[in-house]
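All remarks here apply to the structure that follows.
Chains as they are written, first to last, in our numbering: chain B, 23 to 67; chain P, 10 to 658.
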């Protein structure tokens, strides 16, 4: 293989260039406060 | 950490609905997760057709699910940023009846919860369950579970964890989002009594003398030899020669003999369920470049005899004596064997032969792009942040050219990660294809080369092309327009490559050295570019729920059963309709609009019905067995008595 350099603007990120957030982080950012982070309980519980 | 109550277990296949509010990529990822369940367990899914219970996937805020089959139809959200294979698997495992690993009854023996570091109001996220409610299914605590939270979940301070492993080495493991762990699968398969999977037909690492039921072919000139790893250069692929007295492979010696000498190795007879299979194995041709490895299929000839031979693919030797990966698409619908034919080339003599190892046959499509990068450790050492290598050009099944860009040392923001990205390439079909190419899903996977496909934990990322993805600095030109117009010429492929779109944190260098990502120091990347247009409209309306008909064989008995008064009366007399619990026989009370409704327990033989679960019933098949057994016994007694009577007369 030939190793090359690309201009920075030639690379775009599908995930905004950030580390993948885990479920608790995603749900906290969405303003959710579910049981154990991501469990939806039946109404009676 | 599975729910004990069998009432919440699903019957397979699980009906599902993909809501049209879901991102197209999320729909593709959900279907990919289903395929992982089918490959590694007996869990199966089917499109909803009016069943009383189902999972409706939707895009709400965040990623969430209910635990177990609620028997009424339930929602599961794959919201923004949740559309990753492992996150979808995590949520589906909740729906299958599993809680989080760190809420196991015995979790304090294995992890420390740092209560003072938890965000205020979020301590409930770290409760543990009583073992009356959940079962560990007789499996040990699994730091590797996809159901475990990562160390920094719900933390107050960004750098201080809330949960750490008592064995510090596992602090890098907990919260992994690669794929199911082996233990996740063990539990899932125990909970649902799985004895086989849906799409794994056969696999063999040749570690045992029975060579997985393979047989030497009839009428050939020589045999394949079951050989152990020995000298340097003759290591197996399964264990790469790391283990003394272990690690075997199959070998056809082409060093001596005459041209066209043949050795056939045939699988046992296999029974496909789908119409397409992928045979995937590792091989090397270490003798002469004129040696060949030919893959055949021996099919049912229509009379039940498996003897109709069809040649499928030939691998020719070259001067590269390293392990190579091979994928061969088979299209078989009747019982068959797959056959490895070693063919000696026209040469005087050589020292070597043909070697095969780690064979897998699945009923899934083969990957359309396989990129093998040798000496990856050296590449990591010699690269600098921002440097890239390009894959060769691959073609999708529709004919679009595409490639992969790999940044071994990542970008300046994440130098400890490999950045991997996707780009389009100009190709021979471009004039016939539609541009810009939208609603296609690019999926990139780094292969964990574990010999058992069920134990592979390969990270996978995907995105879907759409018109909002615009070339920077242009007046709205799509990134997915014809590469000959929007790309740059690259002499290595004699093609134009478009800008790339990818993931700066695809895999950390630390993770690369774990598991089997760098076996033989080879990194293997799979890539797909699939049309998902057919998934744009998938939502179907939910029909009025029909009462469940499972095993209702003693309906008359249920009607005549003694009752202790209508549940409605109970509900109206109480503050909380379910307190105290009016349901008998371990039934669970559900408060439906202020009225108590019993969800009755069920076991392998009995289940309970009635408003209060007061009536024990026997499953139809069990009753059938009892009636059949009794009738058979009576007939047998009559025959014996009549024979004895005759003989005494």
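Cβ coordinates follow ideal geometry from the N, Cα and C atoms, glycine included.
Here the structure is a predicted model, which means the values were calculated and not measured.
Cα-Cα separation between residue 102 of chain P and residue 498 of chain P, rounded to whole angstroms: Distance between the alpha carbons of residue 102 of chain P and residue 498 of chain P: 46 Å.
The region 58-71 of chain P / the region 79-98 of chain P touching (three or more Cβ pairs under 8 Å): With a cut-off of 8 Å, the region 79-98 of chain P and the region 58-71 of chain P count as touching, because enough Cβ pairs lie within range.
Listed by chain order, chain B residues near residue 510 of chain P by CB distance under 9 Å: Near residue 510 of chain P (Cβ distances below 9 Å), the residues of chain B are 33, 34, 35 and 36.
Minimum Cβ-Cβ distance from residue 112 of chain P to chain B less than 8 Å: True, the Cβ-Cβ gap to chain B drops below 8 Å.
Using the Cα positions of residue 367 of chain P and residue 151 of chain P, report the straight-line distance between them to the nearest angstrom. Cα to Cα, residue 367 of chain P sits roughly 26 Å from residue 151 of chain P.
Look at residue 524 of chain P and residue 461 of chain P and say whether their C-beta atoms are less than 8 Å apart. The beta carbons of residue 524 of chain P and residue 461 of chain P sit no closer together than 8 Å.
Terminal residues of the continuous beta strand (DSSP E) containing residue 56 of chain B? Unbroken run through residue 56 of chain B: none, as it is neither H nor E.
Which residues in the same chain as residue 298 of chain P place their Cβ atom closer than 7 Å to its Cβ, once the five residues preceding and following it in sequence are excluded? Excluding residues within five positions, the ones whose Cβ falls inside 7 Å are 326, 327 and 328.
From the DSSP secondary-structure annotation, give me the bridge partner or partners of residue 262 of chain P. Bridge partners of residue 262 of chain P according to DSSP: P/362.
Could you tell me the alpha carbon to alpha carbon distance between residue 235 of chain P and residue 259 of chain P, rounded to whole angstroms? Spanning the two alpha carbons is a distance of roughly 5 Å.
Should residue 289 of chain P be flagged as near chain B, meaning a C-beta pair shorter than 8 Å? No, residue 289 of chain P lies away from the interface with chain B (no Cβ there is under 8 Å from its Cβ).
Hey, does residue 116 of chain P have any beta-carbon neighbour from chain B nearer than 8 Å? No - not a single Cβ of chain B is within 8 Å of the one on residue 116 of chain P.
Using a Cβ-Cβ cutoff of less than 6 Å, which residues in the same chain neighbour residue 361 of chain P once the five nearest sequence positions on both sides are dropped? Contacts found: 295 and 296.
Bridge partners of residue 164 of chain P, per DSSP? Per DSSP, P/127.
In the region 488-515 of chain P, which residue ranges form an unbroken alpha helix (DSSP H) of at least 4 residues, counting only runs that do not cross its ends? For the alpha helix (DSSP H) assignment, the uninterrupted runs of no fewer than 4 residues enclosed by the region 488-515 of chain P are, from N- to C-terminal side, 492-495.
Within the region 384-441 of chain P, note down every full alpha helix (DSSP H) run reaching 4 residues or more, in order along the chain. Secondary structure remark: continuous alpha helix (DSSP H) runs of at least 4 residues inside the region 384-441 of chain P, in chain order: 385-391.
Buried or exposed: which applies to residue 432 of chain P, given that a residue is buried once 16 or more other Cβ atoms fall within 10 Å of its Cβ? Flag for residue 432 of chain P reads buried.
Beta-carbon of residue 155 of chain P versus every beta-carbon of chain B: anything under 8 Å? No - not a single Cβ of chain B is within 8 Å of the one on residue 155 of chain P.
Taking the Cβ atom as the reference point for each residue, do residue 537 of chain P and residue 376 of chain P lie within a distance shorter than 8 Å? Yes, the Cβ-Cβ distance between residue 537 of chain P and residue 376 of chain P is below 8 Å.
Range of the contiguous beta strand (DSSP E) that encloses residue 272 of chain P: It spans 271-275 - the beta strand (DSSP E) in which residue 272 of chain P sits, taken as one unbroken run.
What are the partner residues of residue 348 of chain P, as DSSP defines its beta bridges? Answer is P/275 and P/305.
Straight-line gap, residue 207 of chain P to residue 43 of chain P (C-alpha atoms, nearest Å): When the Cα atoms are used, residue 207 of chain P and residue 43 of chain P turn out to be separated by approximately 11 Å.
Inter-residue spacing [alpha-carbon to alpha-carbon] between residue 35 of chain P and residue 453 of chain P: Approximately 15 Å, taken between the alpha carbons.
Residue 247 of chain P versus P/286, P/283 and P/292, residue with shortest Cα-Cα distance: When only C-alpha atoms are compared, the closest one is P/292.
Three or more beta-carbon pairs under 8 Å between the region 217-227 of chain P and the region 174-194 of chain P, yes or no? In short, these stretches do not touch, since the Cβ pair count stays below three.
Just verifying my parser: in three-state terms, what is the DSSP assignment at residue 49 of chain B? If DSSP states are grouped into helix, strand and coil, residue 49 of chain B belongs with the helices.
Could you tell me whether the Cβ of residue 285 of chain P comes closer than 8 Å to any Cβ of chain B? Judged by the 8 Å Cβ criterion, residue 285 of chain P is not in contact with chain B.
Excluding five sequence neighbours on each side, which residues of the same chain lie with their C-beta closer than 7 Å to the C-beta of residue 38 of chain P? So the list reads 92, 93, 94, 97 and 471, once near-sequence residues are dropped.
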